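Position 336, counted from 1, in the sequence shown is what this note's numbering calls 337; the numbers after and before it change by one each time, with no gaps. Built from N, CA and C at the ideal position, the CB exists for glycine as well. This one's a predicted model, so the numbers in the text were calculated from it and none came from an experiment.
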Amino acid sequence: MAKHQTSFVCQSCGAVYNRWKGRCEACGGWNTVVEETGAAYPLAGPVATRPSRAKGRVFPLEGLAGATHEAPRTPSGLAEFDRVTGGGFVRGSVILIGGDPGIGKSTVLMQVSASLAKGGHRVVYISGEEAIAQVRLRAERLGLGDALVELAAETNVEDIVATLAQGKPPALAVIDSIQTMWTETVESAPGTVTQVRGSAQALIRFAKSCGTAVILVGHVTKDGQIAGPRVVEHMVDAVVSFEGDTGHHFRILRAVKNRFGPTDEIGVFEMTDHGLAEVPNPSELFLASRDHGTAGTAVFAGMEGTRPVLVEIQALVAPTSLGTPRRAVVGWDPSRLSMVLAVLEAHGGLKLGMHDVYLNVAGGLRISEPAADLAAAAALVSSLSGAPLPADTVYFGEVGLSGAIRPVAQTPARLKEAAKLGFPNAVAPNARGDKGERPIPGAASIGHIADLVAGIAAAARPRPMPLQRRREG
Ligand code: TYD
Ligand code: MG
2 MAKHQTSFVC
12 QSCGAVYNRW
22 KGRCEACGGW
32 NTVVEETGAA
42 YPLAGPVATR
52 PSRAKGRVFP
62 LEGLAGATHE
72 APRTPSGLAE
82 FDRVTGGGFV
92 RGSVILIGGD
102 PGIGKSTVLM
112 QVSASLAKGG
122 HRVVYISGEE
132 AIAQVRLRAE
142 RLGLGDALVE
152 LAAETNVEDI
162 VATLAQGKPP
172 ALAVIDSIQT
182 MWTETVESAP
192 GTVTQVRGSA
202 QALIRFAKSC
212 GTAVILVGHV
222 TKDGQIAGPR
232 VVEHMVDAVV
242 SFEGDTGHHF
252 RILRAVKNRF
262 GPTDEIGVFE
272 MTDHGLAEVP
282 NPSELFLASR
292 DHGTAGTAVF
302 AGMEGTRPVL
312 VEIQALVAPT
322 SLGTPRRAVV
332 GWDPSRLSMV
342 LAVLEAHGGL
352 KLGMHDVYLN
362 VAGGLRISEP
372 AADLAAAAAL
382 VSSLSGAPLP
392 ADTVYFGEVG
402 LSGAIRPVAQ
412 TPARLKEAAK
422 LGFPNAVAPN
432 ARGDKGERPI
442 PGAASIGHIA
452 DLVAGIAAAA
462 RPRPMPLQRR
472 REG
């Protein structure tokens, strides 16, 4: 008889303890450790079943040079989705799609499934959360009611694997979601981290043996309370996050990990009444409702992977009414804002100690590039001085602690995108392009943060700065 083992597993990070703890020592989460019975580590299964041998088997070692085969890919037909996966689904690969509930994971996967099925491939969609009628309703709403996608509402992994393995293996199987799946090999309750890990492992083994591409859907809550797909991240070939907030209508698909492709590409979608529409030119969307002629906004020419994206950075600098001024930032790194403010004070001659500072990336995009420093600085100086920046100019460049503006990668691509969207002028370091040519006639090189402040202040001169007037009065 198998001995029933009891272990205490953190539902957030998967750490295993032999007694209950109020706080997980590995991830620091409170109340995340839950008692689970059954095999504590299904991962250890195959190793334990191997008969012990005195000597190991000798296998031949290979050289680095040799024949390689490009992984065969099946494009889904949704260009924005394929861009993120690196050109389509690789046979036998497993992709985890994470995202907040209600963001549109089921919607985009139904669209991908239908598109692939239209191309003549066998696609199976297993829903563990919704009844078949609900899935059908969504497909109808998306105008995909007639797509040849095979549906099931099932949660038992052994049954699912047996069904999928019957006949010709499907090109794609969608499991929505991994948190609802359970396997008989693990005794813990469904939804626990051990079940999630065991189920994912069974599905990954199926994908590798039959060559079916499998997509696992995973919910992530902000506080990580649900048995997290975090533990699954290490087991799958690609992790894709679906981002966006429900207040904005566009969604971004971003590869976090990809064994078969790039990780810095994004796919942009817009949520419409008929599902997610692809946005081939995101800059137009992000700049759509721009306020011309107001102080405190600068257009940043950024890069998302290989694609240039123009986005508006908004700043509000206002005298504080509190003892400690507020600094709030949405869509950008707060510590970079602190750094840019410090450089503006130290090398730009601005006094910001008595001002509240708010910074926002319009449209809800999240920027992680240091190249946004210069655009943020320009928006801040513009807001403080009350002088609007020229409406036809983009800004990009990294600000160093010395106040120097450092060149950033892919300057020509940024300038080209800006010119295409009606921004003939640019303020950037080394804006002449890599080979010395000037792609934009109005591109101005800038070397120091003081030059930026002086340039904006010069534009503000006809109208005295409201701040100065107040000080004089
Ligand atoms: P869904 O794909 O069910 O989210 P998830 O699987 O990530 O939990 O999407 C749910 C939201 O999307 C819901 O709030 C309604 C919205 N939606 C649309 O706006 N248009 C549509 O055509 C569809 C199908 C959904
Ligand atoms: Mg869903």
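- Here Gly-64 has no same chain residue with a Cβ atom under 6 Å from its own Cβ, once five neighbours each way along the sequence are excluded.
- It is roughly 15 Å from the alpha-carbon of Gly-262 to the alpha-carbon of Glu-305.
- Going by DSSP, Lys-119 is part of no beta strand (DSSP E) but of the alpha helix (DSSP H) stretching over 106–119.
- For Leu-97, the shortest C-beta to heavy atom distance toward the ligand TYD is 7 Å or greater.
- If you ignore the 5 residues before and after Glu-130, its C-beta comes within less than 7 Å of the C-beta of Asp-177, Ser-178, Thr-181, all in its own chain and listed in chain order.
- Thr-321 and His-348 do not touch by the CB rule: their CB atoms are close to 22 Å apart, not below 8 Å.
- Less than 8 Å separates the beta-carbon of Val-454 from that of Val-382.
- The alpha-carbon separation between Cys-25 and Gln-167 amounts to approximately 42 Å.
- Within 10 angstroms of the beta-carbon of Pro-430 lie 16 or more other beta-carbons, which makes it buried.
- Contact between Gly-303 and Ile-368 holds: their C-beta atoms lie close to 6 Å from each other, under 8 Å.
- A contact is defined here as three or more CB-CB pairs under 8 Å, and the region 95–113 meets this definition with respect to the region 234–248.
- Excluding sequence positions up to five before and after Ala-372, its CB lies within less than 7 Å of the CB of Gly-303, Phe-397, Gly-398, Glu-399, Val-409, all in the same chain and listed in chain order.
- Set against 7 Å, the gap from the CB of Lys-209 to the closest heavy atom of the ligand MG is not smaller.
- About 7 Å separates the beta carbons of Gly-387 and Ala-461, which is inside the 8 Å limit, making them a contact pair.
- No Cβ-Cβ contact shorter than 8 Å links Leu-165 with Val-136.
- Distances from the alpha-carbon of Ser-13 to those of Gly-146, Cys-28, Val-150, Phe-82 put Cys-28 closest.
- Between Glu-313 and Arg-291 the beta-carbon gap is near 6 Å, inside 8 Å, which marks them as a contact.
- DSSP, read as helix, strand or coil, puts Pro-320 in strand.
- Per DSSP, the continuous alpha helix (DSSP H) segment holding Lys-417 begins and ends at 412–421.
- Residue pairing of Asn-361 in beta bridges, as defined by DSSP: Gln-315, Val-331.
- Here DSSP, grouped into helix, strand and coil, assigns Ile-267 to strand.
- In the three-state DSSP reduction, Leu-152 falls in the strand class (E or B).
- A check of alpha carbon separations from Leu-422 across Val-269, Ile-161, Gly-93, Val-300 identifies Val-300 as the nearest.
- When beta bridges are read from the DSSP output, Lys-169 appears opposite no residue.
- Taking the Cα of Asn-32 as reference, the smallest distance to any Cα among Ala-134, Thr-38, Val-10 is reached at Val-10.
- Proximity to the ligand TYD was defined by a C-beta distance below 6 Å to any of its heavy atoms, and the residues meeting it, in sequence along the chain, are Gly-100, Pro-102, Gly-103, Ile-104, Gly-105, Lys-106, Ser-107, Thr-108, Arg-139, Arg-142, Leu-143, Met-272, Asp-274, His-275, Gly-276.
- Fully enclosed alpha helix (DSSP H) runs of no fewer than 4 residues occupy 80–86 of the region 66–102, in order along the chain.
- Not one heavy atom of the ligand MG sits closer than 7 Å to the Cβ of Asp-357.
- Ala-148 and Lys-119 do touch by the CB rule: their CB atoms are close to 6 Å apart, below 8 Å.
- Looking at the DSSP output, Met-272 sits in a beta bridge with Leu-277.
- CA-CA distance, Val-240 to Val-95, rounds to 9 Å.
- DSSP lists Asn-157 as the beta-bridge partner residues of Trp-183.
- In this chain, the alpha helix (DSSP H) harbouring Lys-209 covers 194–211.
- Per DSSP, the beta bridge partners of Glu-399 are Arg-407.
- One thing to note: Val-194 has its Cβ within 8 Å of the Cβ of Gly-15.
- In this structure, DSSP gives Met-304 an extended state, which the three-state scheme calls strand.
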